[in-house]
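In the working numbering, the protein residues as written are 292 to 770. Here a beta-carbon is modelled for each residue, glycine too, at the ideal position from N, C-alpha and C. The structure under discussion appears below in the form of structure tokens.
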Amino acid sequence: MLFNSPEFLLFLPIVFGLYWFVMRQNLKAQNVLLLFASYVFYGWWDWRFLGLIAFSTVVDFFVGIRVAEAIDKRIKKRWMAVSLLVNLGLLAYFKYANFFIESWVDAWGAMGVTMHASSLQVILPVGISFYTFQTLSYSIDIYRGTLKPTRSLINFAAFVSFFPQLVAGPIERASRLLPQIENKREFTYEEGVAGLRLILWGMFKKVVVADTCAIYANDIFANYTEYAGPTLMLGAVYFAFQIYGDFSGYSDIAIGTAKLFGIQLMTNFKTPYFSRDIAEFWRRWHISLSTWFRDYLYIPLGGSRVGKWKAVRNVFIIFLVSGFWHGANWTFIVWGGIHAGLFLPLLLRGTNRRYTSETIGEGRWLPTGRELLGIAWTFTMVCVAWVFFRAESVEEAVAYVSKIGILRDWLYLPQKVSYTALAYLGAMVLGDWLMRNGRMPTWWYAPKCLPIRWGFAALSGWFLLKNFASQADFIYFQF
Numbered sequence: 292m293l294f295n296s297p298e299f300l301l302f303l304p305i306v307f308g309l310y311w312f313v314m315r316q317n318l319k320a321q322n323v324l325l326l327f328a329s330y331v332f333y334g335w336w337d338w339r340f341l342g343l344i345a346f347s348t349v350v351d352f353f354v355g356i357r358v359a360e361a362i363d364k365r366i367k368k369r370w371m372a373v374s375l376l377v378n379l380g381l382l383a384y385f386k387y388a389n390f391f392i393e394s395w396v397d398a399w400g401a402m403g404v405t406m407h408a409s410s411l412q413v414i415l416p417v418g419i420s421f422y423t424f425q426t427l428s429y430s431i432d433i434y435r436g437t438l439k440p441t442r443s444l445i446n447f448a449a450f451v452s453f454f455p456q457l458v459a460g461p462i463e464r465a466s467r468l469l470p471q472i473e474n475k476r477e478f479t480y481e482e483g484v485a486g487l488r489l490i491l492w493g494m495f496k497k498v499v500v501a502d503t504c505a506i507y508a509n510d511i512f513a514n515y516t517e518y519a520g521p522t523l524m525l526g527a528v529y530f531a532f533q534i535y536g537d538f539s540g541y542s543d544i545a546i547g548t549a550k551l552f553g554i555q556l557m558t559n560f561k562t563p564y565f566s567r568d569i570a571e572f573w574r575r576w577h578i579s580l581s582t583w584f585r586d587y588l589y590i591p592l593g594g595s596r597v598g599k600w601k602a603v604r605n606v607f608i609i610f611l612v613s614g615f616w617h618g619a620n621w622t623f624i625v626w627g628g629i630h631a632g633l634f635l636p637l638l639l640r641g642t643n644r645r646y647t648s649e650t651i652g653e654g655r656w657l658p659t660g661r662e663l664l665g666i667a668w669t670f671t672m673v674c675v676a677w678v679f680f681r682a683e684s685v686e687e688a689v690a691y692v693s694k695i696g697i698l699r700d701w702l703y704l705p706q707k708v709s710y711t712a713l714a715y716l717g718a719m720v721l722g723d724w725l726m727r728n729g730r731m732p733t734w735w736y737a738p739k740c741l742p743i744r745w746g747f748a749a750l751s752g753w754f755l756l757k758n759f760a761s762q763a764d765f766i767y768f769q770f
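Here's what the structure looks like:
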């Protein structure tokens, strides 16, 4: 089920009403409702894959108990291996089977040997990368001794399948979300209003900004041979805001929807396009995934606290794996490699943690000149890397970027300039700048003048209804 669909607009108030007005005094009934609603939400796309998420849930539920009960360390490792094999095995089959077969055939073809592999078109279940990592972190945390297993299959299944963040995150840790599932929730007016504002803001990002930018990004990428460098760079910018509006919009809707049920999800984006270097960008972009890789892969490998060459190795591993997580295509691996290359100079100079807590433009209306240069450079590099993420093949991406680098073409103005799209993304950038400290300014979303407040609400509603009919999929559904 899509957030930006009429079905969801009917589904959400029904679940909300049952949750708070019928089952408010019964925590177990609320959790059963959340579980049922989550399976309806997921099964709306394709009911056949409900068995897959149920199987993964049951395996990790019992593995968690067995790992916690095992006294012998070898037994713990064996049960942990079961979780790893099942989860990563399912992910490898459904997400990467076609990729490995095609790569095998291509490798032999490059040596002049023709291979006739049988056709294998595996359908990728929506959200499998997200809920697989969520259940894996549960098993790993129990194995490490930092988490105790739950004894309620219903609570655990509700944690795994919680519908607001099931399909495209944020990827929640059991240590954070599971206690909220297991303990009584309370509804507050303030949290409800905050949730609705986030849903509205997320919908604006998705159906107004992202879907409008997608029209022009798709056209430019599909016909890139016909355009000069300025237009191709504009296409990369369109895609940069498409994927950001699409994915951060989903996260905002998910976080806002969870608030309506008394549950707090982690922040997944913190105005990443205002980052002053690549390291800061990755602390602000898809935070739930980057911190997952940090805690379960980068740090166990030694992080940056080992020798320089091992630290360099770890950086490339983390970024290449992150790229491969996104999809079974060499373009994603190259995308990860580009970000590793951009991150590497910061690591070697010891400046990769320069911007860890300071909010850009703190106490000022505008960034300083130095900050602005850092933002411009980082955003430009991110946009170039997005070309590889968006392209159908590495060859296409290289040709696209090569055409951007033809200097004589920059004497001409870009084509495909959409003032409507630029106005929409300008409004989103302004909103992000105002919320760069993590809070919406009250004068913006709730001015004291009642006519202005209702006028703002009506204008927002009109924009959403004007663009709502598209019902375009979220980009990260494919991951």
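For the ligand NAD, is there any heavy atom lying closer than 6 Å to the beta carbon of R681? Ligands in the displayed structure: none, and consequently the ligand NAD is not present.
Nearest by alpha-carbon distance to T622: which of N514, R596, L301 and S684 is it? Per the Cα distances, S684.
Where does L438 fall in DSSP's three states? coil
Does DSSP classify R699 as helix, strand or coil? R699 falls in the helix class under three-state DSSP.
L725: which of Y384, W492 and A690 sits nearest, CA to CA? W492
Is it buried or exposed for L415, if we count other Cβ within 10 angstroms and need 16 for buried? Classification of L415: buried, given that the 10 Å Cβ count is 16 or more.
Between Y703 and T669, what straight-line distance do the alpha-carbon atoms span, to the nearest angstrom? Rounded to the nearest whole angstrom, the C-alpha separation of Y703 and T669 is 24 Å.
Give a yes or no on whether the C-beta atoms belonging to I362 and F424 are separated by under 7 Å. no
From I433 to R596, what does the alpha carbon distance come to, in whole angstroms? Rounded to the nearest angstrom, the two C-alpha atoms are 25 Å apart.
Quick one: give me the first and last residue of the alpha helix (DSSP H) that K599 is part of. K599 to H617
Assign G696 to buried or exposed, taking buried as 16 or more other Cβ atoms, counted over all protein chains shown, within 10 Å of its Cβ. exposed
Considering only residues of the same chain and omitting the five flanking positions on each side of L580, which have a CB-CB separation below 8 Å? F424, G460, I462, S613 and W616
Any idea what DSSP makes of H290, helix, strand or coil? The question about residue 290 has no answer, for the chain in this structure spans 292 to 770.
Please classify G520: is it buried, with 16 or more other beta-carbons within 10 angstroms of its beta-carbon, or exposed? buried
Going by alpha carbons, who is nearest to L381 out of W701, A619, A508 and S347? Of the candidates W701, A619, A508 and S347, the one whose C-alpha sits nearest the C-alpha of L381 is S347.
For D543, is the classification buried or exposed, using 16 other Cβ atoms within 10 angstroms of its Cβ as the cut-off for buried? Buried.
Give the single residue among A545, S466 and R488 whose Cα lies nearest to the Cα of P455. A545
As assigned by DSSP and simplified to three states, the class of Y518: coil
Any chance the stretch 466–483 sits against the stretch 562–573, with 3 or more Cβ pairs inside 8 Å? Taking 8 Å as the limit for Cβ pairs, the verdict is that the stretch 562–573 does not touch the stretch 466–483.
V528 vs N295 beta-carbon contact at 7 Å: In this structure, N295 does not lie closer than 7 Å to V528 by Cβ.
Which first and last residues belong to the alpha helix (DSSP H) in which V354 is found? L341 to E360
Which listed residue (R365, T562, M524 and F352) has its alpha carbon closest to that of T441: F352
Measuring only between beta-carbons, confirm whether G418 sits less than 7 Å from chain C. You won't find chain C in this structure, because it holds only one protein chain.
So what's D723 in DSSP terms, helix, strand or just coil? helix
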